[in-house]
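Taking full-length UniProt numbering, I'd label the letters of the sequence shown as residues 1 to 221.
Note that CB positions come from ideal geometry on N, CA and C, so glycine has one too.
Everything on this sheet refers to the single structure shown next.
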Amino acid sequence: MHFLCITSNEAQVTEQLSTLLLPEPADIPDKYDQTNDSIDRQVCNLWIRKWTDAITLPKPNFSYAMNQIAFQPEHLERLMFYGTFQPVNFFPDGRYFPFLVCEVMSAKGNMNNCHQQAVKGAITAVKGIVPLCAYADLGALDDIEARILCYSIENNHERLKILEHFFTRENCEIRYYNYKLFHGELEEDVMEIVGSDCQRVIWSKALAIMREILDDFYKTH
1 MHFLCITSNE AQVTEQLSTL LLPEPADIPD KYDQTNDSID RQVCNLWIRK
51 WTDAITLPKP NFSYAMNQIA FQPEHLERLM FYGTFQPVNF FPDGRYFPFL
101 VCEVMSAKGN MNNCHQQAVK GAITAVKGIV PLCAYADLGA LDDIEARILC
151 YSIENNHERL KILEHFFTRE NCEIRYYNYK LFHGELEEDV MEIVGSDCQR
201 VIWSKALAIM REILDDFYKT H
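Set out below in structure tokens:
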């Protein structure tokens, strides 16, 4: 572990420590890298877009976005044309439209800072979808208004919070909101259960939500 800390960057240390503390949730990214080519995970990657009111660019510890495989060739052509007016990439290597951002702090980390960073990334993700829909079909905004467009996870290895992010229009002004989907103590949420077949199973409501996001939500996204 000492060798890891002196030879790795912050993101690598965070990822390895997460594997030790929460082995099952930390395994999710690797499994999805192998089973779903259209989902791409970015680790501590500085985004090239930001919410206009933010001072700095988002840099979540983890973020899940769509790569080019998720699009048909004609969709990529339309995105490229739209990109001449407004950037559609969120990452330097051409990843699109994040739908899940994760911020991880140490146990003594400031959760307020964690929250602000997570929300900054999630609002940026939502704000990338709204003008694109308005450009493609102004009526499409009616279909996505008040619908969940991104999730964020905040975790300091003691507490974990999952937020849903969406927008509404009020007097022709777009406003961005988040709603608390889950907030709990990890010690209470992550439990070890021995099934009827005597097999050890890790149960977690937060983990179940994350799996649902990666299994189903990204398709709607």
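Does the region 116-130 come within contact of the region 88-104, defined as at least 3 CB pairs closer than 8 Å?
Touching, yes.
Helix, strand or coil: which one does DSSP assign to Met111?
Reduced to three states, the DSSP call for Met111 is helix.
6 Å CB neighbourhood of Ile153 in its chain, flanking five on each side removed
Excluding residues within five positions, the ones whose Cβ falls inside 6 Å are Cys102 and Ile162.
Which residue or residues does DSSP assign as beta-bridge partners of Glu192?
Ile202
Examine the Cβ distances between the region 164-171 and the region 184-197 and report whether three or more of them are shorter than 8 Å.
no
Where Glu164 and Ala118 are concerned, what is the direct C-alpha to C-alpha distance, given to the nearest angstrom?
Approximately 11 Å, taken between the alpha carbons.
Assuming contact is defined by CB atoms lying nearer than 8 Å, are Cys133 and Ala140 in contact in what I supplied?
yes
Look up His75 in the DSSP assignment and say whether it is helix, strand or coil.
Assigned with DSSP and collapsed to three states, His75 falls in helix.
Can the beta-carbon of Phe71 be found less than 8 Å from the beta-carbon of His221?
The beta carbons of Phe71 and His221 sit no closer together than 8 Å.
Taking all protein chains shown into account, decide if Met191 is buried (16 or more other Cβ within 10 angstroms of its Cβ) or exposed.
exposed
Simplified DSSP assignment, three categories, for Asp37
coil
For Asn155, which option in Tyr135, Val194, Ile148 and Phe182 has the closest C-alpha, if you only look at C-alpha atoms?
Phe182
First and last residue of the alpha helix (DSSP H) that includes Ala140?
Ala140 to Ile144
Could you give the first and the last residue of the continuous beta strand (DSSP E) run that contains Gly184?
Glu173 to Glu185
Is DSSP giving Ile86 helix, strand or coil here?
Looking at the sequence provided, one finds Gln at residue 86 rather than Ile. Gln86 sits in coil when the DSSP states are folded into three classes, being neither helix nor strand.
Using C-beta distances below 8 Å, list every residue in its chain close to Val194, excluding the 5 sequence neighbours before and after it, in chain order.
Arg200 and Val201
Is the CB-CB distance between Arg41 and Met66 below 8 Å?
Against a cut-off of 8 Å, the Cβ pair of Met66 and Arg41 comes out as no contact.
Determine the DSSP secondary structure at Pro98, reduced to helix, strand or coil.
strand
Would you identify the three-state DSSP class for Ile209, choosing helix, strand or coil?
helix
Starting from Thr168 and walking both ways along the beta strand (DSSP E), at which residues does that stretch end?
Here the beta strand (DSSP E) through Thr168 covers Arg159 to Glu170.
Spatially closest choice to Lys219 from Trp203, Glu158 and Phe97, by CA coordinates
The alpha carbon of Lys219 has as its nearest neighbour, out of Trp203, Glu158 and Phe97, the alpha carbon of Phe97.
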